[in-house]
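To start, the structure itself, in structure tokens.
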Ligand SMILES: Nc1ncnc2c1ncn2[C@@H]1O[C@H](COP(=O)(O)OP(=O)(O)O)[C@@H](O)[C@H]1O
Ligand SMILES: [Mg+2]
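Residue numbers (the numbering used here), protein chains in the order written: chain G, 57 to 348; chain S, 216 to 456.
Take a look at the structure:
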């Protein structure tokens, strides 16, 4: 039982990190109708920025965390401006966005290998060693921080999306982007805002992943799991992305804990295929016309 | 002159949708543009509204050229109620109207505008908390028009507002256009439902494969044998079948 509770806690914590990624992924998908594989680049931007601020600059943790967020934002907004906007303005098909995003993902990974190097680098052990012990269960400070900071950002996002004018425009754009422009909304600015939010969350996730594991050029590949979580929860649905992520984090940790970590990844992708076959709209996704 | 379109040509790749089209609208007018399916009516409205199109020629509004950016056009005082309504099905009726007033910063003005839209379409007031997708076709059309009015436009562009509506509802909505016009708005109405559009309009243009082939007063075009033959013959044809 103690082991189970321990897995539950570990799984929830990693689930929140997945949620940070999945939400941004889902947001971009809901507005531009394509799966942004370049999300991995936003994550490593955050992870490496945080790493260098903590080590080379020796900034305190909160500032390094903010720096990681800024790193994610810069790359995300830049990617949108340089790659996606020209494709949009030429009116090219969705496939072009997907290809561009895959290209960027590969480019991002390799530019890190070429400049910083392929090595795994550990974040300085500021938090990861400290853990609370409660009745045989150990809860690391890092896990608590990931869950708390992650929840704060997710709640802020929910507030923005549901209660502000820009948020309403984002919801409207998820339904019909062109018509949002007819309302007097500058849609390019709105899309930049969405990438800013997605980049911030990805940068934050990168920072937590770096602290939890290590930083390495392929760290962004974890995006695939957030993708599974987003599809599972219902692509385009924000609550769905959070629920799907936490669920995936828990299931994954339990499988790794009781069976093996090889089975874990097989399970994750089996789940993806199953969801796509049985209920492509996911748990909370609206049934709408096919989107790639 | 409020709006002047001069030698406007629009292309979709190799297809030419408008061919050196010129037209004008004066303050306070109701102008209709009639023509068969594919004549280029929607393309003209899209060009005026600032949607991204491959085009040349000029469009000036109140003496200044319009740029091809929809949000700038809205700022200048032009609202497009698009063909097929395009209301936001995932937002409530009220939220759809808020979206229509996106550029309105003054809460008091927003409230007044909202009230006048609800007064014009009481049905929208009754349905204000419902999501757009749950409305009937007629209600969606009212919402699309109301949403267009929320930006306080000087010029309202209406693209086939009667499409898919029952005849009784069409007459009701056309009466609202007269009311909206009396409120001080200039209207450019695009319709396949030519009889009612011509009856309502001060002036009208007949569009065929991207060109204006006729223009004149609404009532003169109603009496024009060629127009009757080509655009008002639906009744006779239906009777013959
Ligand atoms: N997005 C588009 N791509 C290619 N051709 C188009 C597009 N939109 C309209 N057209 C073509 O342009 C012409 C005019 O279309 P449109 O302006 O929609 O006509 P109307 O509104 O009078 O029915 C038609 O021949 C139509 O097929
Ligand atoms: Mg049309």
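Even glycine gets a Cβ: it sits at the ideal position worked out from N, Cα and C.
> Excluding the five sequence neighbours on either side, which residues of its own chain have a C-beta within less than 8 Å of the C-beta of residue 346/G, listed in chain order?
Replying inline: Along the first chain, one-based indexing puts residue 346/G at 290. Any reading at residue 346/G must be qualified, since the residue scores a pLDDT of 39, below 50, and its modelled position is unreliable; the value itself is stated next. Contacts found: none.
>> My output table needs one value for residue 398/S: the three-state DSSP class, helix, strand or coil.
In response: The count along the second chain starts at 1 and reaches residue 398/S at position 183. Coil at residue 398/S, not helix or strand.
> At what residues does the alpha helix (DSSP H) containing residue 272/S begin and finish?
Replying inline: For the purposes of this step, residue 272/S is taken as residue 57 along the second chain, with counting starting at 1. Not the alpha helix (DSSP H): residue 272/S falls in the beta strand (DSSP E), residues 269-276.
> What residues match up with residue 247/S in a beta bridge as DSSP calls it?
Replying inline: Position 32 of the second chain, counted from the start, is the residue given in the question as residue 247/S. 404/S, 419/S, per the DSSP bridge assignment.
>> I need the straight-line Cα distance from residue 112/G to residue 126/G, nearest angstrom please.
In response: Here residue 112/G refers to the residue found at position 56 when the first chain is read from its first residue. Here residue 126/G refers to the residue found at position 70 when the first chain is read from its first residue. Each residue's alpha carbon lies about 17 Å from the other.
>> For residue 346/G, would you say it is in contact with chain S, using Cβ-to-Cβ distances shorter than 8 Å as the test?
In response: The residue you call residue 346/G lines up with position 290 of the first chain. Since pLDDT at residue 346/G reaches only 39, below the 50 mark, its modelled position is unreliable, and the value read off the structure follows with that caveat. So no, residue 346/G is outside the interface.
>> Considering only the alpha carbon of each residue, which of 241/S, 236/S, 226/S lies closest to residue 216/S?
In response: Your numbering for residue 216/S matches position 1 in the second chain. For the residues 241/S, 236/S, 226/S, the minimum Cα distance to residue 216/S belongs to 241/S.
>> Counting only Cβ pairs nearer than 7 Å, list the residues of chain G close to residue 304/S.
In response: For this step, residue 304/S is matched to residue 89 along the second chain. Ordered by position in chain G, the residues that pass the 7 Å Cβ test against residue 304/S are 231.
> Quick one: what's got a C-beta closer than 6 Å to residue 452/S's C-beta in the same chain, skipping five residues either side?
Replying inline: In the second chain, counting from the first residue as 1, residue 452/S sits at position 237. With a pLDDT of 49 at residue 452/S, under the threshold of 50, the modelled position of this residue cannot be trusted; read the value that follows with caution. Around residue 452/S: no qualifying Cβ.
> Could you name the residues, in chain order, whose CB is less than 7 Å away from a heavy atom belonging to ligand 2?
Replying inline: 256/S, 257/S, 298/S, 374/S, 375/S, 405/S
> Going along chain S in order, which residues have a C-beta closer than 8 Å to the C-beta of residue 220/G?
Replying inline: Here residue 220/G refers to the residue found at position 164 of the first chain. Within 8 Å Cβ-Cβ: nothing; residue 220/G doesn't reach chain S, min ~11 Å.
>> Could you tell me the alpha carbon to alpha carbon distance between residue 435/S and residue 386/S, rounded to whole angstroms?
In response: In the second chain, counting from the first residue as 1, residue 435/S sits at position 220. In the second chain, counting from the first residue as 1, residue 386/S sits at position 171. Their backbone Cα atoms lie some 21 Å apart in a straight line.
> Is it true that the CB of residue 198/G sits closer than 8 Å to the CB of residue 298/G?
Replying inline: Here the question's residue 298/G lines up with position 242 in the first chain. Here the question's residue 198/G lines up with position 142 in the first chain. No.
> Skipping 5 residues on each side, what residues in its chain have a beta carbon closer than 7 Å to that of residue 357/S?
Replying inline: Indexing the second chain from 1 puts residue 357/S at position 142. The residues are 336, 338, 339.
>> Distance check for residue 281/G and residue 380/S, CA to CA, integer angstroms please.
In response: For the purposes of this step, residue 380/S is taken as the residue at position 165 of the second chain. For the purposes of this step, residue 281/G is taken as the residue at position 225 of the first chain. So the two alpha carbons sit approximately 47 Å from each other.
> Closest to residue 243/S by CA distance: which of 303/S, 222/S, 397/S is it?
Replying inline: Start at 1 with the first residue of the second chain, and residue 243/S comes out as number 28. Answer by Cα proximity: 397/S.
> Thinking just about the alpha-carbon of each residue, which of 448/S, 426/S, 430/S is nearest to the one in residue 222/S?
Replying inline: As a working mapping, residue 222/S is identified with position 7 in the second chain. When each option's Cα is compared against that of residue 222/S, the closest is 426/S.
> Does residue 337/S come within less than 8 Å of chain G when only Cβ atoms are used?
Replying inline: Numbered from its first residue, the second chain carries residue 337/S at position 122. No, its Cβ sits nowhere closer than 8 Å to a Cβ of chain G.
> Which residues bound the beta strand (DSSP E) around residue 229/S?
Replying inline: In the second chain, counting from the first residue as 1, residue 229/S sits at position 14. Looking at the DSSP string, residue 229/S is not in any beta strand (DSSP E), and its letter there is neither H nor E.
> Does residue 237/G come within less than 8 Å of chain S when only Cβ atoms are used?
Replying inline: As a first step, residue 237/G is located in the first chain; it is residue number 181 there, counting from the start. Interface residue, yes.
>> Measuring only from the beta carbon, is residue 143/G closer than 7 Å to any heavy atom that is part of ligand 1?
In response: Taking the first chain and counting its residues from 1, one reaches residue 143/G at position 87. For ligand 1, not one heavy atom lies less than 7 Å from the Cβ of residue 143/G.
>> So residue 347/S and residue 355/S are supposed to be a Cβ contact under 8 Å. How far apart are they, rounded?
In response: Working through the second chain from its first residue, we reach residue 347/S at position 132. Working through the second chain from its first residue, we reach residue 355/S at position 140. Sure, about 7 Å apart at Cβ, within 8 Å.
> So the alpha helix (DSSP H) residue 256/S belongs to, where does it begin and stop?
Replying inline: Indexing the second chain from 1 puts residue 256/S at position 41. Element bounds for residue 256/S: 256-264.
> For the region 241-268 of chain G, which residues have a beta carbon sitting closer than 8 Å to at least one beta carbon of chain S?
Replying inline: 241, 242, 243
> Quick one: is residue 404/S buried, meaning 16 or more other Cβ sit within 10 Å of its Cβ, or exposed?
Replying inline: Numbered from 1 along the second chain, position 189 holds the residue referred to as residue 404/S. With 16 or more Cβ atoms within 10 Å of its Cβ, residue 404/S is classed as buried.
> From 268/G, 138/G, 338/G, 326/G, pick the residue whose C-alpha is nearest to that of residue 70/G; which is it?
Replying inline: Here residue 70/G corresponds to residue number 14 of the first chain, with the count starting at 1. Measuring from the Cα of residue 70/G, the nearest candidate turns out to be 268/G.
>> I'd like to know if the region 302-310 of chain G and the region 277-292 of chain G are in contact, where contact means that at least 3 CB-CB pairs between them fall below 8 Å.
In response: yes
> Are any of the Cβ atoms in chain S nearer than 8 Å to that of residue 227/G?
Replying inline: Within the first chain, residue 227/G is the residue found at index 171, counting from 1. Taking Cβ atoms only, chain S reaches closer than 8 Å to residue 227/G, which makes this a yes.
> Listed from N- to C-terminal order along the chain, which residues in the region 223-242 of chain S have their beta-carbon within a distance smaller than 9 Å of any beta-carbon of chain G?
Replying inline: none
>> For residue 321/G and residue 312/G, I'd like the C-alpha separation in whole angstroms.
In response: Stepping through the first chain from its first residue, residue 321/G is reached at position 265. Stepping through the first chain from its first residue, residue 312/G is reached at position 256. Their Cα atoms are separated by approximately 9 Å.
> Who are the neighbours of residue 214/G on chain S, taking C-beta pairs under 7 Å?
Replying inline: Working through the first chain from its first residue, we reach residue 214/G at position 158. Simply none; closest approach about 16 Å.
> What whole-angstrom Cβ distance do residue 245/S and residue 392/S have, given they're in contact under 8 Å?
Replying inline: As a first step, residue 245/S must be located in the second chain, where it is residue number 30. As a first step, residue 392/S must be located in the second chain, where it is residue number 177. About 7 Å separates the two Cβ atoms, so the contact holds.
> Taking any Cβ of chain G, which residues in the region 292-325 of chain S have a Cβ under 7 Å from it, in chain order?
Replying inline: 295, 297, 301, 303, 304, 305, 306, 310, 313, 314, 315, 317, 318
> What residues of chain G sit near residue 286/S, judged by a beta carbon separation below 7 Å?
Replying inline: Residue numbering aside, residue 286/S sits at position 71 when the second chain is read from its first letter. In chain order: 237, 240, 241, 242.
> Would the beta-carbon of residue 233/S fall within 8 Å of that of residue 225/S?
Replying inline: Numbered from 1 along the second chain, position 18 holds the residue referred to as residue 233/S. Numbered from 1 along the second chain, position 10 holds the residue referred to as residue 225/S. Yes.
> Name the chain B residues whose beta carbon is nearer than 8 Å to that of residue 224/G?
Replying inline: The structure shown contains no chain B; its protein chains are G and S.
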